[in-house]
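For reference, the structure discussed in these notes is given below.
Pasting the structure below:
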């Protein structure tokens with residue numbers, strides 16, 4: 056049974072959820088424009104014997120909203136503060152999807168003693184220099200025009216049509232995306248615009264699973280493979296997924312994570 060509640064941690068209000076019981080903990084960090092609900096389809100598919108923690112990032116879901124530009128260190132610090140709030144002291148496994156992978160990487164570099172393993176799912180670790188000007192313009196437009204103004208451009212690429220399991224799943228995911236707070240979305244997107252987290256990967260010593268989607272136009276497998284090659288202990292897998300594969304292909308992602316946790 057899911058425990059869903061709120062707490063004020065690290066100077067911000069946070070909505071979080073707990074599932075399962077066990078001595079080991081898996082922390083799930085959602086994608087840009089998502090929330091802890093993005094993991095709903097995966098929760099029943101993850102292995103028993105684990106305590107699963109997920110939360111809404113600042114600016115997302117029902118956590119405290121942000122304006123301007125958010126701070127990646129604050130987001131990583133929120134994960135540590137949430138673990139403190141829950142009394143979880145031992146090393147944990149952190150899995151981040153898309154922008155959530157950037158948060159997971161920063162957590163790994165700031166709190167290495169608190170990390171057992173790392174999972175990067177379609178990682179978005181920064182915006183290439185040649186795309187930064189366009190990305191800045193996009194964040195400004197989101198704040199003015201809202202999420203729906205970008206739907207026709209973003210959604211077909213982020214959620215490949217051929218990967219939907221049912222019309223109902225598609226309708227739910229799109230409605231959830233449209234319901235994201237545009238100012239919070241922009242504040243978190245700006246984190247990536249001037250970031251390149253790839254140099255931080257060489258300093259991560261724990262085993263890391265990297266998953267790439269074969270239908271992900273934002274991070275195709277060859278780019279993700281090359282971009283994460285600096286990780287010291289890496290397992291790389293390409294799945295039949297898109298950019299938000301945790302939403303569209305939860306069974307494939309859960310299977311890959313489960314094997315990694317067992318190993």
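Numbering (the numbering used here), first residue to last: 56 to 318.
Yeah, the Cβ is synthetic: ideal placement off N, Cα and C, and Gly gets one too.
Since we're looking at a predicted model, the values are computed, not measured.
Query: Given a cut-off of 8 Å, decide if residue 73 and residue 106 are closer than it, judged by their beta-carbon atoms.; Result: yes
Query: Do residue 22 and residue 247 have their C-beta atoms within less than 8 Å of each other?; Result: Summary: the structure shown does not reach residue 22, with the chain confined to residues 56 through 318, and so no result is reported for it.
Query: Decide if the region 164 to 173 is in contact with the region 252 to 268; the criterion is three or more beta carbon pairs, one per stretch, under 8 Å apart.; Result: yes
Query: Residues bridged to residue 63 by DSSP?; Result: 68
Query: With a cut-off of 8 Å on the beta carbons, I'd call residue 294 and residue 268 a contact; round off their distance for me.; Result: 6 Å
Query: Three-state secondary structure (DSSP) at residue 120?; Result: coil
Query: Considering only residues of the region 83 to 152, which uninterrupted alpha helix (DSSP H) runs meet the minimum length of 4 residues and lie entirely inside it, listed in chain order?; Result: 127 to 141
Query: Have a look at residue 189 and residue 89 and give me their C-alpha separation to the nearest angstrom.; Result: 22 Å
Query: Measuring CB to CB, does residue 97 end up less than 8 Å from residue 177?; Result: no
Query: Does the beta-carbon of residue 235 have 16 or more other beta-carbons within 10 angstroms, so that it is buried, or is it exposed?; Result: buried
Query: So if DSSP puts residue 267 in a beta bridge, which residue, or which two residues, is it bridged to?; Result: 293
Query: Hey, residue 65 and residue 150: beta-carbon distance below 8 Å or not?; Result: no
Query: With a threshold of 16 other CB atoms inside 10 Å of the CB of residue 318, please say whether the residue is buried or exposed.; Result: exposed
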